[in-house]
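Have a look at the structure below before the remarks.
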Amino acid sequence: MNAREYLEILHVAERLKDTPRHCTTSKGRTESVAEHSWRVSLMASLLRHEFPDLDTDKVVNMCLIHDLGECFTGDIPTFIKTDSDRDVEDSLLEQWVRSLPTEISSDLLALYKEMDAQETTEAKVYKALDKLEALIQHNESPISTWSDNEYELNKTYAFDTVAFSEWLTELRKEILKDTLNKIDQEHL
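Just so we're aligned: the sequence shown equals residues 1 to 188 in this note's numbering.
This is the structure we're talking about:
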């Protein structure tokens, strides 16, 4: 890959800094997809000692690239995203990835294939962290920014995704405690 190709990849990825997500920060500012991806990646890095047999670098890489398709489509909240939306995002992402230098394209396509298959522990951890970060962010955001469906969704979302791991299941339970406390505080 030459320097120009490298810069072009970064220019496309920069779009995620300006791509808003459904959730807000603790101060009520709409978060960007880049901010979400950064924290999911941090979450993966911090689990290095909890999952010593895991290829943590691979999980961090998965977390870094998982929402690159949103450079082309924007963020659509999971509870309204359709199969058609997913197909469009996947198609545009694949088209872009295949246009990249061969070594980068091959690496990314292999990661996306593994992420989609959800067969390896690395792929399962990435997927769990992606969903858990969204829940954590909702718990940190002002409850006035929650949509009506999120009160119930935040109580049930991602338990199935973390079921493969005792540690992640425990984390999900702690997140649920924070959700319930936040909802209870709203009624005081």
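Even for Gly, the Cβ is constructed at its ideal location relative to N, Cα and C.
What you are looking at is a predicted structure, and each value in this text was computed from that prediction instead of being measured.
Kindly provide the ranges of any alpha helix (DSSP H) runs that are 4 or more residues long and lie completely inside the stretch 20-102, ordered along the chain.
Qualifying alpha helix (DSSP H) stretches, in chain order: 33-46, 56-65, 70-73 and 83-99.
Got a sec, what are the start and stop residues for the alpha helix (DSSP H) Tyr-151 sits in?
Taking the sequence shown and counting its residues from 1, one reaches residue 151 at position 151. Per DSSP, the continuous alpha helix (DSSP H) segment holding Tyr-151 begins and ends at 150-156.
Quick check on Lys-58: buried or exposed, where buried means 16 or more other Cβ atoms within 10 Å of its Cβ?
Here the question's residue 58 lines up with position 58 in the sequence shown. Burial call: buried.
Buried or exposed for Glu-174, please, with buried defined as at least 16 other CB atoms from any protein chain shown within 10 angstroms of its CB.
Residue numbering aside, residue 174 sits at position 174 when the sequence shown is read from its first letter. So Glu-174 ends up on the exposed side.
Can you give me the Cβ contacts of Thr-78 inside the same chain, cut-off strictly under 6 Å, excluding the 5 residues immediately before and after it?
Numbered from 1 along the sequence shown, position 78 holds the residue referred to as residue 78. None.
Out of curiosity, what's the CA-to-CA distance linking Tyr-151 and Asp-184?
If you number the sequence shown from 1, residue 151 lands on position 151. If you number the sequence shown from 1, residue 184 lands on position 184. If I take the Cα positions, the gap works out to 11 Å.
Within the chosen definition, does the stretch 19-30 reach the stretch 83-103 through at least 3 CB pairs nearer than 8 Å?
no
Would you tell me roughly how many angstroms separate the C-alpha atoms of Lys-124 and Ser-84, rounded to the nearest one?
Counting from 1 along the sequence shown, the entry for residue 124 is found at position 124. Counting from 1 along the sequence shown, the entry for residue 84 is found at position 84. For Lys-124 and Ser-84, the distance between alpha carbons rounds to 24 Å.
Could you pull out every residue in the same chain whose Cβ sits closer than 7 Å to the Cβ of Ala-117, ignoring the five residues on either side in sequence?
Here residue 117 refers to the residue found at position 117 when the sequence shown is read from its first residue. For Ala-117, where only same-chain residues beyond five positions count, the Cβ hits under 7 Å are Ala-123.
What is the C-beta distance between Leu-108 and Gly-69, in whole angstroms, given that I count them as a contact (C-beta under 8 Å)?
Residue numbering aside, residue 108 sits at position 108 when the sequence shown is read from its first letter. Residue numbering aside, residue 69 sits at position 69 when the sequence shown is read from its first letter. Going by Cβ atoms, the distance from Leu-108 to Gly-69 rounds to 11 Å, so no, they are not a contact pair.
Which same chain residues, not among the five before or five after Tyr-157, have their C-beta less than 7 Å away from its C-beta?
If you number the sequence shown from 1, residue 157 lands on position 157. Spatial neighbours of Tyr-157 in its own chain (CB-CB distance under 7 Å, excluding positions within 5 residues in sequence) are listed in chain order as Lys-131 and Leu-135.
Is the CB-CB distance between Ser-32 and Leu-7 below 8 Å?
Counted from its first residue, the sequence shown places residue 32 at position 32. Counted from its first residue, the sequence shown places residue 7 at position 7. Contact flag unset, no.
Return the residue from the list Thr-145, Ile-65, Glu-170 and Leu-153 that minimises the CA-CA distance to Tyr-112.
Taking the sequence shown and counting its residues from 1, one reaches residue 112 at position 112. Closest by alpha carbon: Ile-65.
Helix, strand or coil for Thr-120 per DSSP?
For the purposes of this step, residue 120 is taken as residue 120 along the sequence shown, with counting starting at 1. If DSSP states are grouped into helix, strand and coil, Thr-120 belongs with coil.
Would you say Thr-30 faces chain D, with C-beta separation under 8 Å as the test?
Note that chain D does not occur in the displayed structure, where there is just one protein chain.
Compute the Euclidean distance between the alpha carbons of Glu-133 and Ala-3, then round it to the nearest angstrom.
Taking the first residue of the sequence shown as position 1, residue 133 is located at position 133. Taking the first residue of the sequence shown as position 1, residue 3 is located at position 3. Going from the Cα of Glu-133 to the Cα of Ala-3 covers about 33 Å.
Considering just the uninterrupted stretch of the alpha helix (DSSP H) at Phe-164, what are its terminal residues?
Here residue 164 refers to the residue found at position 164 of the sequence shown. Element bounds for Phe-164: n/a, residue is neither H nor E.
Helix, strand or coil: how does DSSP classify Ser-141 here?
Position 141 of the sequence shown, counted from the start, is the residue given in the question as residue 141. DSSP places Ser-141 in coil when its eight states are reduced to three.
Compare the C-alpha of Glu-46 against each of Glu-140, Arg-172, Leu-129 and His-187 and name the closest.
Here residue 46 refers to the residue found at position 46 when the sequence shown is read from its first residue. A small correction: the amino acid at residue 46 is Leu; Glu does not occupy that position in the sequence shown. Comparing Cα-Cα distances from Leu-46 to each of Glu-140, Arg-172, Leu-129 and His-187, the minimum goes to Leu-129.
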